[in-house]
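Heads up: the structure comes next, in structure tokens.
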Amino acid sequence: MAVRRVYRIYRGTRFSLGRTVVFALVYVLLGVAVSGASFYEGVPVYLAPLYALVAAVSAAASYRFADRRITFWRGPDGSLYFKGGVVIYLVYLVGLVGRLTIDYAVIGPSAFSFAPGLTLTGAALDGTIATDLLLILGVGLLIGRNIRTVRRYRRIERGEDKIPDSPSQL
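Count along the sequence shown from 1, add 30, and you get the number used in my numbering.
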């Protein structure tokens, strides 16, 4: 699902406020659930504020960055289309795949049962923390990107932003 979304964001897709919000919620909830499970696997709880800080800073940075990277245009049918911000999705995907790979490699197939009682140590714990931070970075980036996209959409709908009639005019 995420890989397909990256492709559509790269090529351009019709804008849907509902779809944008739902995808953002799914990605954020998935990222928070996967990284949150780390605290049951031995990641010290005192790192939770660091995770929150990484998410907040990356969301703020992404919000500023995304305005220059996301482009909107009107299609021939009058619908609003947009594209851009692919790097943000790729950071998220690398973090998620890396985190799940470490769980699977260290714990095995039972890694996805989220059963408490397992304690990671050494390189497995370090790798989990590193990929959690990358995943949380991606979550923050997605939050900032999607907030910027929705705000820009609302400005366009109110007539405050002018957009071209095709992506070739960008």
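Backbone N, C-alpha and C fix where the C-beta goes; we use that ideal spot for every residue, glycine too. Source: prediction; values computed, not measured.
Please report the distance separating the alpha-carbon of R34 from that of Y93. Going from the Cα of R34 to the Cα of Y93 covers about 23 Å.
Counted within 10 angstroms of its Cβ, other Cβ atoms place E71 as buried (16 or more) or exposed: buried
Return the bridge partner residues of R104 from the DSSP annotation. L110
Local Cβ density within 10 Å of K192, reported as buried at 16 or more and exposed below that: Its Cβ having fewer than 16 others within 10 Å, K192 is exposed.
State whether the segment 113-129 contacts the segment 165-183, with contact taken as three or more CB pairs (one from each stretch) at a distance under 8 Å. yes
Should R184 and I100 be called a contact, given that it needs their Cβ atoms to be closer than 8 Å? no
Which residues DSSP lists as bridging T161, in chain order: T161 is not bridged to any residue.
When every heavy atom of the ligand GTP is checked, does at least one fall within less than 7 Å of the C-beta of T149? Looking for the ligand GTP in the displayed structure turns up nothing, as the structure carries no ligands at all.
What is the DSSP secondary structure of R129, counted as helix, strand or coil? Helix, per DSSP.
Would you mind sorting T131 into buried or exposed? The rule is 16 or more other CB atoms within 10 Å of its CB. exposed
May I ask you to list the residues that DSSP assigns as paired with R44? Y111
Taking all protein chains shown into account, do 16 or more other C-beta atoms lie within 10 angstroms of the C-beta of S88, making it buried, or fewer, making it exposed? buried
For a test of the three-state rule: what should DSSP assign to D195, helix, strand or coil? The answer is coil: DSSP assigns D195 none of H, G, I, E or B.
Check whether the segment 39-57 touches the segment 148-161, counting contact only when three or more Cβ pairs, one atom from each stretch, lie closer than 8 Å. no
Our contact map puts I39 next to G114 with C-beta atoms below 8 Å; I'd like the distance itself, whole angstroms only. 7 Å
Rounded straight-line distance, which links the Cα of L83 to that of T66: Note that residue 66 corresponds to Gly in the displayed sequence, not to Thr. Near 15 Å, if we compare the C-alpha coordinates of L83 and G66.
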